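J.: For the sequence shown, my numbering assigns the number 217 to the initial residue and increments by one for each residue that follows. Pasting in a structure now, in structure tokens, and then I'll have a few things to ask.
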Amino acid sequence: MQSFQPSAFNYIVNERATDIQIFKASGTWVKPANALFVRVCVWGGGGGGGAGSKATTDSITGGGTGGGGGARASLFFPAFSLPCNVPVTVGAGGAGGIAQTAAPATGASGANGGISSFGSCSSTYGALLASGGGAGLGGRTADRKSTRLNSSRTD
Numbered sequence: 217m218q219s220f221q222p223s224a225f226n227y228i229v230n231e232r233a234t235d236i237q238i239f240k241a242s243g244t245w246v247k248p249a250n251a252l253f254v255r256v257c258v259w260g261g262g263g264g265g266g267a268g269s270k271a272t273t274d275s276i277t278g279g280g281t282g283g284g285g286g287a288r289a290s291l292f293f294p295a296f297s298l299p300c301n302v303p304v305t306v307g308a309g310g311a312g313g314i315a316q317t318a319a320p321a322t323g324a325s326g327a328n329g330g331i332s333s334f335g336s337c338s339s340t341y342g343a344l345l346a347s348g349g350g351a352g353l354g355g356r357t358a359d360r361k362s363t364r365l366n367s368s369r370t371d
């Protein structure tokens, strides 16, 4: 007997429209009508890079380090567990280190990135948090005379 089924995995899938909401600034998330599940992804603000050092002619300078990337957090919620409106906080990126104008000077460090969140800790559903990235360190200077290697040997 021949089967009229082309495969064992025939079933009907009701297509649902996907609602993607991207926040570039803090605001309020609005739950879509007829939502069943909600996936939330949160990224913390990146840390600011450190400034380079400024040196005299007899010094060696170093550039500042880059700031760290913000953390990422992701979670699935059943839509019925979320209220219709949820506060969203977008953490700011950290400021870069301020440039040095007088020599000799060590470079200024950057600032940490801000925390991003979906919801609040005082709510019944809790909050999803992502920490900001760490600040980059400022560049350093070194005296050329103290960093030279003595190449003369007395064997």
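From the three backbone atoms N, C-alpha and C, an ideal C-beta is built for every residue, glycine too. Fair warning: this is a prediction, and the values are worked out from it, not measured in the lab.
Below 8 Å, how does it come out for the segment 243-261 and the segment 272-281: are there three or more Cβ pairs, yes or no?
T.: Judged by Cβ distances under 8 Å, the segment 243-261 makes no contact with the segment 272-281, as fewer than three pairs qualify.
J.: What beta strand (DSSP E) runs, 3 residues minimum, are completely inside the segment 284-363?
T.: DSSP runs (the beta strand (DSSP E)) wholly in the segment 284-363: 288-294, 301-305, 332-335, 343-346, 357-359.
J.: Would you kindly check if the distance between the Cβ of Ser-336 and the Cβ of Pro-303 is under 8 Å?
T.: For the purposes of this step, residue 303 is identified with residue 87 of the sequence shown, where counting begins at 1. For the purposes of this step, residue 336 is identified with residue 120 of the sequence shown, where counting begins at 1. Yes.
J.: As a quick exercise: from Gly-284, Pro-299, Gln-237, Ala-319, pick the residue whose alpha carbon is nearest that of Cys-257.
T.: In the sequence shown, counting from the first residue as 1, residue 257 sits at position 41. It is Gln-237 whose Cα lies nearest to the Cα of Cys-257.
J.: Mapping the DSSP letters down to three states, classify Thr-272 as helix, strand or coil.
T.: Within the sequence shown, residue 272 is the residue found at index 56, counting from 1. The answer is coil: DSSP assigns Thr-272 none of H, G, I, E or B.
J.: Which partner residues of Thr-244 appear in the DSSP bridge assignment?
T.: Taking the sequence shown and counting its residues from 1, the one referred to as residue 244 is at position 28. According to DSSP, Thr-244 bridges with Pro-303.
J.: CA-CA distance, Pro-248 and Asp-235?
T.: Counted from its first residue, the sequence shown places residue 248 at position 32. Counted from its first residue, the sequence shown places residue 235 at position 19. If you take the alpha carbons of Pro-248 and Asp-235, they lie about 7 Å apart.
J.: Ser-333 and Gly-261 look like a contact to me (Cβ under 8 Å); what is the Cβ gap, rounded to whole Å?
T.: Residue mapping note: residue 333 aligns to position 117 of the sequence shown, counting from 1. Residue mapping note: residue 261 aligns to position 45 of the sequence shown, counting from 1. In fact, because the Cβ distance is near 12 Å, the residues do not count as touching under 8 Å.
J.: Please work out which residues of its chain come closer than 6 Å, Cβ to Cβ, to Gly-312, disregarding the five sequence neighbours upstream and downstream, and give them in chain order.
T.: The residue you call residue 312 lines up with position 96 of the sequence shown. Gly-264, Gly-265, Gly-326, listed in sequence order.
J.: Taking the CB atoms as reference points, tell me whether Tyr-350 and Gly-283 lie closer together than 8 Å.
T.: One-based indexing of the sequence shown puts residue 350 at position 134. One-based indexing of the sequence shown puts residue 283 at position 67. Looking at the sequence itself, residue 350 is Gly, so the reference to Tyr does not match. Yes, they are a contact pair.
J.: Three-state secondary structure (DSSP) at Thr-277?
T.: On the sequence shown, position 61 is the one that residue 277 refers to. Correct three-state label for Thr-277: strand.
J.: How should Ser-290 be labelled, buried or exposed, when 16 other C-beta atoms within 10 angstroms of its C-beta is the threshold for buried?
T.: Counting from 1 along the sequence shown, the entry for residue 290 is found at position 74. So Ser-290 ends up on the exposed side.
J.: Under 8 Å, do Ala-319 and Ala-271 count as touching if we go by C-beta distance?
T.: One-based indexing of the sequence shown puts residue 319 at position 103. One-based indexing of the sequence shown puts residue 271 at position 55. Going by C-beta atoms, Ala-319 is nearer than 8 Å to Ala-271.
J.: Between Ala-308, Gly-309, Gly-342, Phe-296, which lies nearest to Phe-253 when the distance is taken from Cα to Cα?
T.: Numbered from 1 along the sequence shown, position 37 holds the residue referred to as residue 253. Among Ala-308, Gly-309, Gly-342, Phe-296, the Cα nearest to that of Phe-253 belongs to Phe-296.
J.: Within 10 Å of its beta-carbon, does Thr-170 have 16 or more other beta-carbons around it, so buried, or fewer, so exposed?
T.: With the chain represented from 217 up to 371, any question about residue 170 goes unanswered, as that position is not in the structure.
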